[in-house]
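Residue numbers (UniProt numbering): 1 to 383.
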C-alpha cells in the first residue's frame, strides 16, 4: 500500500491524475515482472530494455493492461497457410536470413549453356532446403527471424505446419527471448535443443483496428512484458505514456532500494532541526556551515507551503503531509546540492570572456579578470 501511494504521489499533479490508481497498478505490475534477483539482496530492473509500451488508439483507458509476454506489430508470412493461434508453442529465434546469401561485392556470372542456369537455381534451392531441414528437426511451432525469409523457405515451413515471422526488430526479439526462455541463434547449424523457447503459453495474431498484432503471452516466468495502452486519441496515449514512464521509474527505485522517507518537506525540516542541534554544540566559526545549511534546508518546506497557499508558520510547526519519497532519490538530491555549493565556494576569481570593440587594425584584446568583490572592475592581464 505504501509503494502504491508513493507511485501515485509522483503522478498526482499530472494530466492523468484522475487515473492515478490505474497507472500506478500498471507501473508496479510491469516493474515487478521484469525484476531479476542478482543475489545479496540486489535486484536489476531494466525498464528501458525489457518493458515495451504499445499504444493502440481505440477503446477506453480502463482497457489498458500488462501482458505477461511480448506484443509486436507483425503478421505471419503466409496468413492463409500458416496458423495464427498456437497453444504452448515451441519458438526458435534467429538473427540470420533464411534466403540465399548475396555477396558483399557485385558478382557477374557468364552462362554458356542453358543447363547452367538450372544448376544455379538448384544450388540456391538446396542451400535454403538445408537451412530449413536444420531448423525443422527441432520441431518448432514458430520461427522468428530478424532478417529476410524467402518464398521457398516459407513453402517448406507452411508444408511442415510451422508459422514464421520475418524482419522483427532486434529489441522485440530480445524481449521475446527473455519472456519465453529462448536463445537468439546467428547460424541455423548451431541450433541446440536448449535454444528453443518453451516458456510461452500462447501465440496469437489479432487484428486491432487496421493493423495485425502478434502476441507471445501467458509466459511461465517472463522477464519481459508489454504494457498495452488503449485510449480514444493519440495525444491522450502520448501523455499517458509519459506519466507511465515516470511511475515506472519511481517503482524501479523502490524495488532496487526498498527504503522510504517522509516527503512534502518533512525530511528537509528534520535535517534542518538536526543541523541546528549540532551547531549548538560547536563553538567558533566552525558552527557557521551547520547554521547556513539548516537555513537552506528550511527553505524547501517553506516554499512548498507558500506555493500551496497555506499558513507557513502553522505548516512549519506541524508538518504532516503523509507523502512518501524514495530514499535513494532524496539522498542523491542532498549530496548533489552540497557538492554544488562546495564547488561554488572554491571559486576565487571569474575569468571573463567578453570581447571588446576594437579600433580597426588593432591586435587581439587581452582577457580580463572580474574579481569576486566587484565584477565591474576589470583588470588587464600583464604582458
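Ideal placement from N, C-alpha and C gives every residue a C-beta, glycine not left out. Just so you know, these numbers come straight off a predicted model, no measurement behind them.
Checking 8 Å against the spacing of the C-beta atoms, do residue 201 and residue 219 come in under that value?
Here residue 201 refers to the residue found at position 201 when the chain shown is read from its first residue. Here residue 219 refers to the residue found at position 219 when the chain shown is read from its first residue. Yes, Cβ-Cβ distance for residue 201 and residue 219 is below 8 Å.
Unbroken stretches of the alpha helix (DSSP H), 4 residues or longer, contained in the segment 152-223:
170-180
Assigned secondary structure, residue 297 (DSSP; H/G/I helix, E/B strand, else coil):
By 1-based counting over the chain shown, the position of residue 297 is 297. Looking at residue 297 - three-state DSSP - the assignment turns out to be helix.
Integer Cβ distance of residue 67 from residue 304, believed to fall under 8 Å:
Stepping through the chain shown from its first residue, residue 67 is reached at position 67. Stepping through the chain shown from its first residue, residue 304 is reached at position 304. No, residue 67 and residue 304 are not in contact; Cβ-Cβ is about 39 Å, not under 8 Å.
As a quick exercise: from 178, 85, 239, 163, pick the residue whose alpha carbon is nearest that of residue 36.
Within the chain shown, the letter at position 36 stands for residue 36. It is 178.
Nearest neighbour of residue 74, chosen from 343, 256, 168 [CA to CA]:
Position 74 of the chain shown, counting from 1, holds the residue named residue 74. If we check each option's Cα against that of residue 74, 168 comes out closest.
Hey, how far is the Cα of residue 284 from the Cα of residue 277?
Translated into positions along the chain shown, residue 284 becomes position 284. Translated into positions along the chain shown, residue 277 becomes position 277. So the alpha carbons of these two residues sit roughly 15 Å apart.
Quick test of the definition: if touching needs 3 or more C-beta pairs under 8 Å, does the segment 186-195 touch the segment 234-244?
no
Looking only at its own chain, which residues have a Cβ that is under 6 Å from the Cβ of residue 203, when we skip the five neighbours before and after it?
The residue given as residue 203 occupies position 203 in the chain shown. 86, 89, 142, 216.
Exposed or buried, what is residue 247 when buried is set at 16 or more other beta-carbons lying within 10 Å of its beta-carbon?
As a position in the chain shown, residue 247 is number 247, starting the count at 1. Buried is the call here.
With three or more beta-carbon pairs closer than 8 Å as the criterion, would you say the segment 170-177 touches the segment 119-129?
no
Can you look up residue 72 in the DSSP assignment and give me helix, strand or coil?
Here residue 72 corresponds to residue number 72 of the chain shown, with the count starting at 1. It is a strand residue.
Own chain partners of residue 26 with C-beta closer than 7 Å, once the 5 adjacent residues on each side are dropped
Locating residue 26 in the chain shown gives position 26, where the first residue counts as 1. Closer than 7 Å at the Cβ level, and outside the excluded window around residue 26, lie 64, 66, 227, 244.
Under 6 Å Cβ to Cβ from residue 188, same chain only, skipping five residues before and after it: list those, please.
As a working mapping, residue 188 is identified with position 188 in the chain shown. Closer than 6 Å at the Cβ level, and outside the excluded window around residue 188, lie 131, 134, 135.
Could you tell me if residue 8 is buried or exposed, where buried requires 16 or more neighbouring beta carbons within 10 angstroms of its beta carbon?
For the purposes of this step, residue 8 is taken as the residue at position 8 of the chain shown. With 16 or more other Cβ atoms within 10 Å, it is buried.
Taking buried to mean at least 16 other C-beta atoms within 10 Å of its own C-beta, is residue 320 buried or exposed?
Counting from 1 along the chain shown, the entry for residue 320 is found at position 320. Low local confidence applies: a pLDDT of 45 at residue 320 is under 50, so the model's placement there is unreliable, and no value is given.
DSSP state of residue 347, grouped into three classes?
By one-based count along the chain shown, residue 347 stands at place 347. Three-state result, residue 347: coil.
Kindly indicate which three-state DSSP category residue 107 falls into: helix, strand or coil?
To locate residue 107, count along the chain shown from 1; it is residue 107. It is coil, neither helix nor strand.
Return helix, strand or coil for residue 115, following the three-state DSSP convention.
Counted from its first residue, the chain shown places residue 115 at position 115. Note: residue 115 maps to helix in three-state DSSP.
Measuring alpha carbon to alpha carbon, tell me which residue in 124, 2, 49 is nearest residue 172.
Your numbering for residue 172 matches position 172 in the chain shown. Among 124, 2, 49, the Cα nearest to that of residue 172 is on 49.
Does the beta-carbon distance from residue 222 to residue 5 come in below 8 Å?
Within the chain shown, residue 222 is the residue found at index 222, counting from 1. Within the chain shown, residue 5 is the residue found at index 5, counting from 1. The answer is no: Cβ separation not under 8 Å.
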